[in-house]
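Quick notes on the structure that follows.
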Amino acid sequence: MTAIKIAVIPGDGIGKEVMQEALKVLNCLQEQHSSLQIETTIFPWSSDYYVQHGCMMPNDALATLQTYDAILFGAIGDARVPDDVTVWELIMPIRKHFQQYVNFRPIKSLPGIASPLANGKEIDFVIFRENAEGEYSDSGGRLYQQQPQEMTIQNTIMTRIGIEKIVHAACDYAKQHGKTKITSATKSNAIIHSMKFWDEHTSKTVAQSSPALQLESIYIDALVAYFVERPQNFEVVVASNLFGDILSDLGSAIVGGLGLSPSANLNPEKDFPSMFEPVHGSAPDIAGKGIANPIAQIWSLALLLGHQGRPDLEQLIVKAITAVLQEGVVKTADIGGQATTAQMGDAICQEIINRT
Ligand code: ATP
Ligand code: MG
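See the structure below:
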């Protein structure tokens, strides 16, 4: 059996702290499951690296990463480096170069975690956010600067192939997981060029993918309200880059917060490595204190293993996380306890051992 090669980029702040716990879980899995062969390499690309070298990662970084099966990423962000540098010189080049056009986020309620929603119903759906085009484009600019008619234009670029690929990925997931409904976020009543195009190709793609899949298209303004009022009605949500970004953060908020939310930047064809990372940032306010919640990072590792053909280990990790939360003894500060980052990692490892 060939080893899964994982490139590990811990990044900044709590990224480094929570990554240690993910690696602890990975070690524990390897000790328990001799069939799991993993090779990890740690890359120190971060804001510290930028301060030393004047760049976030070396010139050959993408070529190096390309030789790996997957990337496990921590978090990036530091007061010494402008935000647009950390994003555009590290995260974006990786996402674009490796055609990680799907941003995947599970939104799942967990035992013992208070949701800000009052109704307490179980929430369990996933979001497929288009990750490579759409509203986040550098096409546009400013005109008539310093004149009264000064203005800006920001273009949205959507391609038929781009829409087909993200919607296909959502449909494939639905079919593999026994889901029957796809919800598409739109605003074609007001954004009449790009969003009508989105609607048209979304509905064609869903129909082509499976006659058994039902498609509902909901205007984004109504959809955010439904996320709060009846989140239990969703199964698979597919959205453009901007709408998906907003829905993903809202999704993580309704199930109890950033410390618990994993994400994946996927290249579904597996032509290139996919990247797995917690939704949260480097959290400078709590960095260095050893109190960050490592669950989002550990769950991101679980998604990685699932994507690499080990859904059994993905489920094992998620079950171990769920069991620790259900017991409610070990809790970090963000979820109302006093446990340290390391104690949470240890508790999850212990649950993995108990279950093997
Ligand atoms: P970035 O720009 O890097 O996304 P941010 O300030 O927008 O940074 P985060 O770094 O995610 O966002 O932090 C937002 C808040 O959530 C902070 O108060 C932080 O302490 C808290 N937080 C984020 N992640 C965790 C975690 N894993 N455990 C506990 N608290 C966390
Ligand atoms: Mg942020």
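If you count by the UniProt record's numbering, then the sequence shown holds residues 1 to 356, one letter each, in order. Quick reminder that beta carbons are idealized off the backbone N, C-alpha and C, glycines included.
Near the ligand ATP: residue i beta-carbon under 7 angstroms from a heavy atom
| i | result |
| --- | --- |
| Asn293 | yes |
| Val18 | yes |
| Leu143 | no |
| Leu26 | no |
| Ser209 | no |
| Thr332 | yes |
| Asp285 | yes |
| Ile9 | no |
| Gly309 | no |
| Leu242 | no |
| Ser263 | no |
| Gly328 | no |
| Ala296 | yes |
| Gly281 | yes |
| Gly77 | yes |
| Leu301 | no |
| Gly54 | no |
| Ile246 | no |
| Gly337 | no |
| Ile14 | yes |
| residue 366 | In the structure displayed, the chain extends from 1 to 356; residue 366 sits before or after that span and is not available. |
| Asp271 | no |
| Asp249 | no |
| Gly259 | yes |
| Asp83 | yes |
Residue i and residue j closer than 8 angstroms at C-beta
| i | j | result |
| --- | --- | --- |
| Ile123 | Gln232 | yes |
| Gly77 | Asp83 | yes |
| Pro111 | Leu325 | yes |
| Gly120 | Ala75 | no |
| Ser184 | Ile157 | no |
| Met19 | Gln297 | yes |
| Ala333 | Val318 | no |
| residue 369 | Tyr226 | Since the first and last residues shown for the chain are 1 and 356, residue 369 lies out of range. |
| Gly244 | Glu130 | yes |
| Glu277 | Ser300 | yes |
| Val8 | Leu65 | no |
| Ala70 | Ser282 | no |
| Lys5 | Tyr68 | yes |
| Ile161 | Phe128 | no |
| Gly290 | Thr356 | no |
| Ala320 | Glu351 | yes |
| Gly259 | Asn293 | yes |
| His168 | Thr202 | no |
| Ile182 | Ala190 | no |
| Val237 | Phe125 | yes |
| Ala264 | Phe43 | no |
Cβ-based burial, residue i [other Cβ within 10 Å; buried from 16]
| i | result |
| --- | --- |
| Asp249 | exposed |
| Lys88 | Note on identity: in this sequence residue 88 is Trp, with Lys being the wrong assignment. Exposed is the call here. |
| Lys108 | buried |
| Pro284 | exposed |
| Ser137 | exposed |
| Met92 | exposed |
| Thr186 | buried |
| Leu29 | buried |
| Gly134 | buried |
| Pro106 | buried |
| Leu143 | exposed |
| Glu31 | exposed |
| Arg95 | buried |
| Lys16 | buried |
| Ala174 | buried |
| Ala61 | buried |
| Asn155 | exposed |
| Gly54 | exposed |
| Ile295 | buried |
| Met56 | buried |
| Glu229 | exposed |
| Pro262 | buried |
| Asn27 | exposed |
Residue i CB to nearest heavy atom of the ligand PLP below 7 angstroms
| i | result |
| --- | --- |
| Asp334 | By its list of ligands, the structure shown excludes the ligand PLP, since it contains just the ligand ATP and the ligand MG. |
- Task: Count the C-beta pairs between the segment 300-311 and the segment 20-37 that are closer than 8 angstroms, then say yes if the count reaches three, no if not.
- Result: A contact exists between the segment 300-311 and the segment 20-37.
- Counting pairs of beta carbons, one from the segment 328-335 and one from the segment 14-24, are three or more of them closer than 8 angstroms? no
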